[in-house]
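Quick note, the sequences are listed as chains A and B, same order. With this note's numbering applied, the first sequence corresponds to residues 1 to 183, in that order. With this note's numbering applied, the second sequence corresponds to residues 1001 to 1204, in that order. A virtual CB, placed ideally from N, CA and C, is assigned to each residue, including glycine. Note sheet for the following structure.
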Amino acid sequence: MKEQNSSLMKKNIFNYFKKGVPMLKKNKKVDIENKPSIIRDPVQGRTIIGEKIAIDGAIRGREDLFIEGSVKGRIEVEAHHLTVGPRGQVEAEIQAANVTISGRLVGNINATGRVKITKEADFNGEIKAKSISVEDGAYLKAVIELKREPDKKPVPVAKPEEKSASEPLKEPFTLAGKSSKRN
Amino acid sequence: MTTFASSSDRRRQDSDHRFKTVDYTSNVLQLFMEGLEGRPSAQVLDLGPVCQENIRFLARRVERLYVCDMFIRLERCLGKGDPVDRIWHELDYPPENFDGILIWELADRLDDGEVKALVRLCHTLLKPGGMAVVLVLGEQAASLRVNSFVVGQNFRVGLRSQPHLHLPIRGRQNRDILAMMTPLKPAKSFICRLGFMEFLFTRD
């Protein structure tokens, strides 16, 4: 009897997460009204803040976080991945290992790893990260600082090695105004 | 049924095809980056379109890279039928904040009055001695479709179509552009394949 109950419980938990994670089921309509809006997805080891939830304050976590709702304040998931989903609306200072933005985010990001901005994103703020990727079409107003290793200076300008057939046709022509000569 | 393209259609298609495959070495970008090397803690503003390669290229070479995609803002503004003046509010940076501004071909997507407003704004945002890069597509390369100028190694520039952006094109001559860029001072210009031009302007 105990084993039967345990198996039934496992089955229910499985179904709960199976039905309760709308972003994992693209083509399936999910009745969000009847589902809890902050859930833990044990399969992917992350917490999901659903689109019906609005949080004003600080969030600190020790696992990945996926936001489809509205968050205002501060988010710290230092060694983990923060995702602002396509329906997410976030106004926050963010500290994370990696950040993916597909929704709306206003605020500053301090990431130890990578920041990824998809074409659906609307971002306004400052990004400090080790690396960044941005898809064409993203709505972006950003200040970007890529973290460099200590004592590493900015990459110097490398001069073109050779001229090719697709070089400018006339090299260079001086304009009517002030001109600066190249060496 | 056979359909016939008009000569202007054929010319545009041909131009689109050649423009898509263009790949050249940008002397203006090289001069721009060399100019920034002498400026400690350089800050650069890129007016878009948003391009990952350019962000990486620039962010590794300057202290702080500002990106404000004015192409997508212009697209949305025109789509709503709003006056273009509204998008300048997005460039709400402090005066004399930048060592360089990459305007790319934005000026060619604006009418004369709007270009002058943009130039005045860029002039106030540039530090003394700061530089601005302007591209002018010219009549031959003119296309409603917007391309991003993707900077690669050794300043090789390739073009990538931005299918989400459809903006009017003016196809100006270089003297028209020069006349509109006051008070920025022209420093260098280069004519590239297909007749498009690269300009480097400076602020006194």
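Pairwise C-beta distances place the segment 1051-1060 of chain B out of contact with the segment 1079-1088 of chain B, as fewer than three of them are shorter than 8 Å. Straight-line measurement puts the Cα of Y1066 of chain B at about 6 Å from the Cα of I144 of chain A.
Ranked by Cα distance from G61 of chain A, the options A:S70, A:K52, A:G50 and A:G45 are led by A:G45. In the three-state reduction of the DSSP assignment, G1171 of chain B falls in the coil class. Ranked by how close their Cα comes to the Cα of V43 of chain A, the residues A:T100, A:N110, A:I101 and A:E63 have A:E63 in first place.
Looking from the CA of A97 of chain A, the closest CA among A:E91, A:A129 and A:K52 belongs to A:A129.
In the three-state DSSP reduction, M1197 of chain B falls in the strand class (E or B). When the five nearest sequence neighbours on each side are left out, the beta carbons in the same chain lying within less than 7 Å of the beta carbon of F1196 of chain B are those of L1135, V1136, L1137, G1138 and A1141, in order along the chain. The Cβ atoms of S102 of chain A and V84 of chain A sit closer than 8 Å to each other. One finds Q1052 in chain B with Cβ atoms closer than 7 Å to the Cβ of S133 of chain A, taken in chain order.
Per DSSP, the continuous alpha helix (DSSP H) segment holding I1055 of chain B begins and ends at Q1052 to A1059.
Taking 8 Å as the cut-off, the Cβ atoms of I1072 of chain B and P1049 of chain B count as close.
The Cβ of K147 of chain A sits no closer than 8 Å to any Cβ of chain B.
Sequence-distant Cβ neighbours of R1086 of chain B in its own chain, meaning closer than 8 Å and more than five residues away, are C1077.
Nearest Cα to E91 of chain A within the set A:T100, A:E78, A:R74 and A:V99: A:R74. Ranking A:T100, A:E126, A:S37 and A:L140 by CA distance to the CA of V77 of chain A puts A:T100 first. Boundaries cannot be given for F1155 of chain B, as no beta strand (DSSP E) includes it and DSSP labels it neither H nor E. E1096 of chain B does not reach chain A, its nearest Cβ partner there being about 17 Å away, counting only Cβ pairs nearer than 9 Å. Burial of I1103 of chain B is indicated by the presence of at least 16 other C-beta atoms within 10 angstroms of its C-beta.
Within the segment 59-71 of chain A, contact with chain B at the beta-carbon level (separation under 7 Å) is assigned to no residue.
Contact between D1099 of chain B and K1127 of chain B holds, with the beta-carbon distance rounding to 6 Å and staying under 8 Å.
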